[in-house]
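Visitor: Using our numbering, you'd call the opening residue of the sequence shown number 473 and step up by one each time. For each residue, glycine too, the CB sits at the ideal point set by N, CA and C. The model shown is predicted, which means the values in this text are computed figures rather than measured ones.
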Amino acid sequence: MVIDSAESVFAPLAVDAFIRDFLEKEVLHLQRQDDRLVEGIFDLDSMAHCLRFMKPQARDSIRVIPRGEGGEITAQALQAMKASGDSGLGYLGGEFAQGSTVTFNGAEEYWPPVAGIVRDLKESLASNVKCNVYCTPPESQGFDTHVDAHDVLVLQTSGSKTWRIHDVQDELPVESSPIAAEMFPRLLGSSPDYGEPTREIVLHAGDLLYLPRGVPHSAASTTEHSIHLTIGLYPIRTHEFIGKLVDLVAFADVRLRRRVDVAKLRGEVPMESAGDILREIADICDELDEPVDVSRLMAATNEENQVEQSTRGFFKSMIEAEKLDLDTLVEWPEGAHWSSRRTPHDFRVQCGGSMAIPLKLEPVLDFFEANRAFRVGDAPDILKDSAKVTLCRNLVKQGLLRIAGRTESTERISDPAPKPEIPDWLSPSGF
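1) Select from 530, 550, 625, 784 the residue whose C-alpha is nearest the C-alpha of residue 679.
2) Between the alpha carbons of residue 788 and residue 875, how many angstroms are there, rounded?
3) Give me the Cα-Cα distance between residue 860 and residue 837, rounded to the nearest whole angstrom.
4) If contact is defined by three or more beta carbon pairs under 8 Å, each pair taking one atom from either stretch, is the segment 754-761 in contact with the segment 723-741?
5) Mark residue 477 as exposed unless 16 or more other C-beta atoms lie within 10 angstroms of its C-beta, in which case mark it buried.
6) For residue 633, count the other beta carbons within 10 Å of its own beta carbon; 16 or more makes it buried, fewer makes it exposed. Which is it?
7) Any chance the segment 842-850 sits against the segment 761-771, with 3 or more Cβ pairs inside 8 Å?
8) Could you tell me the distance, in whole angstroms, from the CA atom of residue 951 to the CA atom of residue 500?
9) Nearest CA to the CA of residue 777: which residue from 801, 591, 751, 605?
10) When DSSP labels each residue in this structure, what does residue 666 get in the three-state scheme?
11) By DSSP's criteria, residue 602 is part of a beta bridge. Which residues make up the other side?
12) Would the segment 485-499 count as touching the segment 609-619 if we require 3 or more Cβ pairs under 8 Å?
13) I need the boundaries of the beta strand (DSSP E) containing residue 822, first residue and last residue.
14) Indicate the three-state DSSP secondary structure (helix, strand or coil) for residue 582 in the structure shown.
15) When you compare the CB positions of residue 868 and residue 802, do they come within less than 8 Å of one another, or not?
16) Measuring alpha carbon to alpha carbon, tell me which residue in 567, 516, 595 is nearest residue 536.
17) Does the count of Cβ pairs from the segment 692-703 and the segment 628-643 closer than 8 Å reach three?
18) How is residue 540 classed by DSSP in three states: helix, strand or coil?
19) Between the alpha carbons of residue 865 and residue 532, how many angstroms are there, rounded?
20) Going by DSSP, what residue range makes up the alpha helix (DSSP H) through residue 877?
21) Give every residue of the same chain whose Cβ lies closer than 8 Å to the Cβ of residue 798, excluding the five residues on either side of it in the sequence, and list them in chain order.
22) One question on the structure: do residue 871 and residue 825 come within less than 8 Å of each other, judged by their Cβ atoms?
23) What ranges does the beta strand (DSSP E) occupy inside the segment 599-641, keeping only unbroken runs of at least 3 residues that lie completely in it?
24) Is DSSP giving residue 681 helix, strand or coil here?
25) Select from 717, 528, 685 the residue whose C-alpha is nearest the C-alpha of residue 605.
26) Pop quiz: residue 781 and residue 805 are said to be a contact at Cβ under 8 Å. What is the actual Cβ separation, rounded to whole angstroms?
27) Excluding the 5 residues flanking residue 586 on each side, which residues of the same chain have their C-beta closer than 6 Å to its C-beta?
28) Distance, Cα to Cα, residue 695 vs residue 677?
29) Do the CB positions of residue 638 and residue 684 come within less than 8 Å of each other?
30) Taking just the CA atoms, how far does residue 582 sit from residue 525?
31) On the premise that residue 690 lies in contact with residue 617, defined as a C-beta separation below 8 Å, what is that separation, rounded to the nearest angstrom?
32) Find the nearest neighbour of residue 645 within the set 666, 665, 620, 873, judged by alpha-carbon distance.
33) At what residues does the alpha helix (DSSP H) containing residue 803 begin and finish?
34) Go ahead and pull the three-state DSSP assignment for residue 789.
35) Which stretch, first to last residue, makes up the alpha helix (DSSP H) that contains residue 500?
36) List in chain order: all unbroken alpha helix (DSSP H) runs of 4+ residues lying wholly within the segment 478-566.
Below is the structure:
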């Protein structure tokens with residue numbers, strides 16, 4: 473088994489068990505030490521392949537952090553790589569040999585093995601997910617002890633690295649801002665004293681480490697190099713969701729659209745307590761003629777974490793869409809799941825792509841959701857044959873369905889979509 477999904481990232485732990493027992497609660501260390509699990513994800517050869525063919529340096533997605541106290545040299549490194557005739561291989565190879573840590577930022581945007589993992593984690597954890605790849609030569613350390621304002625999954629893909637973990641001083645911190653720093657003095661310190669590490673973990677290829685945000689940590693390679701994915705989780709937090717909710721209430725009630733009292737802003741009149749203000753907002757919510765649909769707000773918020781369109785079969789389906797007829801077999805894009813959200817005016821449907829569907833077609837949507845693959849002519853008969861063809865053609869063009877061939881039956885209705893395969897030319901062993 474190669475790690476290519478949320479399920480395999482956490483195996484043998486179930487994803488639901490991770491969410492229940494560890495997410496935002498505890499450090500997790502899965503000691504698997506099986507390099508077969510991470511074969512083809514990112515290794516030393518991948519560094520060169522990525523630079524030459526994906527060119528992350530062209531989008532400023534490379535960072536270079538020298539060993540020691542000198543500070544990062546990313547700006548001059550990017551300039552040198554862009555000016556070179558070898559995609560920056562010579563320059564970056566020299567820096568790496570001298571002990572510099574190299575990071576490939578936003579790797580989910582250009583490296584397919586990482587993109588597949590990130591895509592599935594977004595949906596499984598209902599969170600925005602980003603990934604940086606950290607490449608460190610032997611006996612080097614890129615960063616001092618620090619905390620991150622987001623949760624981190626560390627997947628070791630090559631070599632090994634020693635992680636030193638300290639006791640938490642500020643549970644689940646939020647990003648600092650001038651006002652927050654003024655009101656919460658603990659945010660002011662730029663070089664806090666984290667004390668001595670209380671736990672030391674060595675990650676080997678195939679191992680996983682989860683750090684809730686706010687856990688102080690540092691990491692250094694051992695006597696061998698280290699490459700790991702740092703997968704950042706960026707969920708919507710409770711205070712952010714409440715902010716969205718208050719914004720919706722403001723659309724419905726003018727009291728929340730009025731400016732804050734001038735005298736209160738000047739300090740001439742005392743301001744109510746935070747509790748009183750929130751209780752007033754709660755009273756306004758209770759008085760609305762049409763209550764805010766919190767479930768619909770939650771569903772709309774989570775749509776950002778749905779699986780994006782798969783590339784497999786996309787252009788083939790585009791050129792065959794106009795020839796689609798009742799005997800055409802269509803199916804969901806690989807890895808995608810059908811979901812629909814009812815609004816007062818229509819259904820907002822997602823399955824890789826997205827599209828608005830009239831409310832009167834609810835029975836048809838139920839059929840689409842229940843059948844991963846189907847013959848166009850087998851769609852519910854509340855649609856005329858011509859309407860079945862038109863609707864399915866539009867779903868193909870919007871990326872919600874792929875054309876899978878032609879059939880006279882529905883034998884493939886329950887077939888799972890094929891698992892994605894990475895072309896040889898993208899895998900580290902492909903050269």
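Guide: In short:
1) The shortest CA-to-CA distance from residue 679 to any of 530, 550, 625, 784 is the one to 625.
2) Using only the alpha carbons, I get a separation of about 8 Å.
3) Between the C-alpha atoms of residue 860 and residue 837 there is a straight-line separation of about 12 Å.
4) Yes: the two stretches touch, three or more of their Cβ pairs being nearer than 8 Å.
5) Burial call: buried.
6) Under this definition residue 633 is a buried residue.
7) No, the segment 842-850 does not touch the segment 761-771.
8) Past the edges of the chain, shown from 473 to 903, lies residue 951, and the structure says nothing about it.
9) Among 801, 591, 751, 605, the Cα nearest to that of residue 777 is on 591.
10) The three-state secondary structure of residue 666, taken from DSSP, is coil.
11) Bridge partners of residue 602: 704.
12) Cβ pair count under 8 Å is below three, so no.
13) 818-823 is the span of the beta strand (DSSP E), which, as asked, contains residue 822.
14) Three-state result, residue 582: coil.
15) Yes, these two residues count as a Cβ contact at 8 Å.
16) When each option's Cα is compared against that of residue 536, the closest is 567.
17) Result yes; three or more Cβ-Cβ pairs closer than 8 Å.
18) Assignment of residue 540 by DSSP, reduced to helix, strand and coil, places it in the coil class.
19) The alpha-carbon of residue 865 is positioned some 39 Å away from that of residue 532.
20) First-last for residue 877: 874-878, but that is the beta strand (DSSP E), not the alpha helix (DSSP H).
21) Correct list, in chain order: 847, 848, 849, 857, 860, 861.
22) Judged by their CB atoms, residue 871 and residue 825 are nearer to each other than the 8 Å cut-off.
23) Entirely contained in the segment 599-641, the beta strand (DSSP E) runs reaching 3 residues are, in chain order, 600-608, 623-637.
24) Here DSSP, grouped into helix, strand and coil, assigns residue 681 to strand.
25) Comparing Cα positions, the closest option is 528.
26) About 6 Å separates the two Cβ atoms, so the contact holds.
27) Non-local C-beta neighbours of residue 586 in its own chain, meaning closer than 6 Å and more than five positions away in sequence, comprise 579, 580, 603, ordered along the chain.
28) Roughly 14 Å between the two C-alpha positions.
29) Using a Cβ distance threshold of 8 Å, residue 638 and residue 684 do not count as a contacting pair.
30) Looking at the backbone, the Cα of residue 525 and that of residue 582 are separated by about 10 Å.
31) Confirmed, Cβ separation roughly 4 Å.
32) The option with the nearest alpha carbon to residue 645 is 620.
33) Looking at the DSSP string, residue 803 is not in any alpha helix (DSSP H); the run it does join, the beta strand (DSSP E), is 800-803.
34) For residue 789, the secondary structure class from DSSP, reduced to helix, strand or coil, is helix.
35) Per DSSP, residue 500 belongs to no alpha helix (DSSP H); it is in the beta strand (DSSP E), 500-502.
36) Runs of the alpha helix (DSSP H) spanning 4 or more residues and lying entirely within the segment 478-566 occur at 478-482, 487-493, 516-521, 546-555, in chain order.
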